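Residue numbers are given in UniProt numbering: position 193 of the sequence shown equals residue 193, and the series is strictly consecutive.
The beta carbon of each residue, even a glycine, is placed where N, CA and C say it ideally should be.
On a predicted model such as this, the values are computed, not experimentally measured, just so you know.
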Amino acid sequence: MFAVPRLILKKNSSLVLKTNLKINPILTHRFHYSTDKPTETNSANAETTQNNATKNENVSKVEEYETKIAQLQDSYRRALAETENIRQRSKKEIDAAKVYSIQKFASDLLDSADILTLALQSVPKEEVKQESQNKHLKDLFEGVSMTKTELLKTFKRHGVEPFDPIGEKFDHNKHEALFQNALPGKEAGTVFHTTKIGYTINGRVLRPAKVGVVKSED
């Protein structure tokens, strides 16, 4: 707040300028400017706070990336396992298709093997001995025997093998009982005669053996 100056006329004609000047303390306070400068401590604290914030942000990003990497690795392992399972299943299916695609064909050939066996069994042993005079029969016998041998070799290359269960315990999964007889000295339930030998293909029964079984004497 400012006062307006007044002119006062005194004796001797001299002018005296009198001013009622009052200083408002509010104005003094209003126009006071601080000359203080920020201290180095305040600057260091601000820098530390910023560094901590940056560090926390980086830690959060690292944790986020580590989580994503772990998820990707888990998905990759699962995909590998599933691929291996599919490969194994496909291999088994392909192998089974290869094996059993010839099952019907091999089964049909078993009758041919049976006929060759019966043909060889029908020739008297003495007729094919070295000193036999019947050379043509001997040559025919040898030819049929060689044919049967080659056929069995072919069977084996494709997993088809014969089995004769004489003396074994009767197994309905592998044997077909055509008849039963009570035989003294023979254990009941055992195979004592084979009418037709059985065949397996890669461990599975292709044709059960047709057999006679010992029955109990009771």
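Residue closest to Leu-118, alpha-carbon to alpha-carbon, out of Thr-48, Phe-141 and Ala-97 = The sequence position of residue 118 within the sequence shown is 118, counting from 1. With distances taken between Cα atoms, Leu-118 lies closest to Phe-141.
Does the distance from the CB of His-177 to the CB of Val-123 come in under 8 Å?
-> Indexing the sequence shown from 1 puts residue 177 at position 177. Indexing the sequence shown from 1 puts residue 123 at position 123. The sequence shown places Ala at residue 177, not His. Cβ atoms of Ala-177 and Val-123: not closer than 8 Å.
His-32, DSSP secondary structure in three states | Position 32 of the sequence shown, counted from the first residue, corresponds to residue 32. Model confidence at His-32 stands at a pLDDT of 49, short of 50, so the residue's coordinates are unreliable; what they give is reported in the following sentence. Here His-32 sits in coil by DSSP.
For His-193, does the three-state DSSP call read helix, strand or coil?
-> For the purposes of this step, residue 193 is taken as the residue at position 193 of the sequence shown. His-193 carries a strand assignment under DSSP once its states are collapsed to helix, strand and coil.
Cα-Cα separation between Asp-164 and Arg-207, rounded to whole angstroms = Counting from 1 along the sequence shown, the entry for residue 164 is found at position 164. Counting from 1 along the sequence shown, the entry for residue 207 is found at position 207. Here the alpha carbons of Arg-207 and Asp-164 stand approximately 12 Å from one another.
Looking only at C-alpha atoms, which of Asn-181, Gly-203 and Lys-174 sits nearest to Val-214?
-> Indexing the sequence shown from 1 puts residue 214 at position 214. Put simply, of Asn-181, Gly-203 and Lys-174 the residue whose alpha carbon is nearest the alpha carbon of Val-214 is Asn-181.
Can you give the Cα-Cα distance for Thr-190 and Asp-111, rounded to whole angstroms?
-> For the purposes of this step, residue 190 is identified with residue 190 of the sequence shown, where counting begins at 1. For the purposes of this step, residue 111 is identified with residue 111 of the sequence shown, where counting begins at 1. If I take the Cα positions, the gap works out to 26 Å.
Where the alpha helix (DSSP H) through His-172 begins and ends | As a working mapping, residue 172 is identified with position 172 in the sequence shown. His-172: not part of any alpha helix (DSSP H); DSSP gives it neither H nor E.
Bounding residues of the beta strand (DSSP E) (the contiguous stretch that carries Ala-209) | As a working note, residue 209 is residue 209 in the sequence shown. Unbroken beta strand (DSSP E) run through Ala-209: 209 to 214.
Find out if the Cβ-Cβ distance for the pair Ile-94, His-158 is shorter than 8 Å.
-> One-based indexing of the sequence shown puts residue 94 at position 94. One-based indexing of the sequence shown puts residue 158 at position 158. It is not a contact, given that the beta carbons lie outside the stated cut-off.
Span of the beta strand (DSSP E), counted from its first residue to its last, around Val-160 = Within the sequence shown, the letter at position 160 stands for residue 160. Where Val-160 is concerned, the enclosing beta strand (DSSP E) stretches over 160 to 163.
Distance, Cα to Cα, Asn-85 vs Ser-75?
-> Counting from 1 along the sequence shown, the entry for residue 85 is found at position 85. Counting from 1 along the sequence shown, the entry for residue 75 is found at position 75. Approximately 15 Å between the Cα atoms of the pair.
With DSSP run on the structure shown, which of helix, strand or coil describes Ile-23?
-> On the sequence shown, position 23 is the one that residue 23 refers to. Low confidence applies here, because Ile-23 scores a pLDDT of 49, under 50, leaving its location unreliable; read the following figure in that light. When secondary structure is reduced to three states using DSSP, Ile-23 falls in the coil class, being assigned neither helix nor strand.
Around the Cβ of His-136, are there at least 16 other Cβ atoms within 10 angstroms (buried) or fewer (exposed)?
-> Stepping through the sequence shown from its first residue, residue 136 is reached at position 136. Here His-136 is exposed: its Cβ has fewer than 16 other Cβ atoms, across all protein chains shown, within 10 Å.
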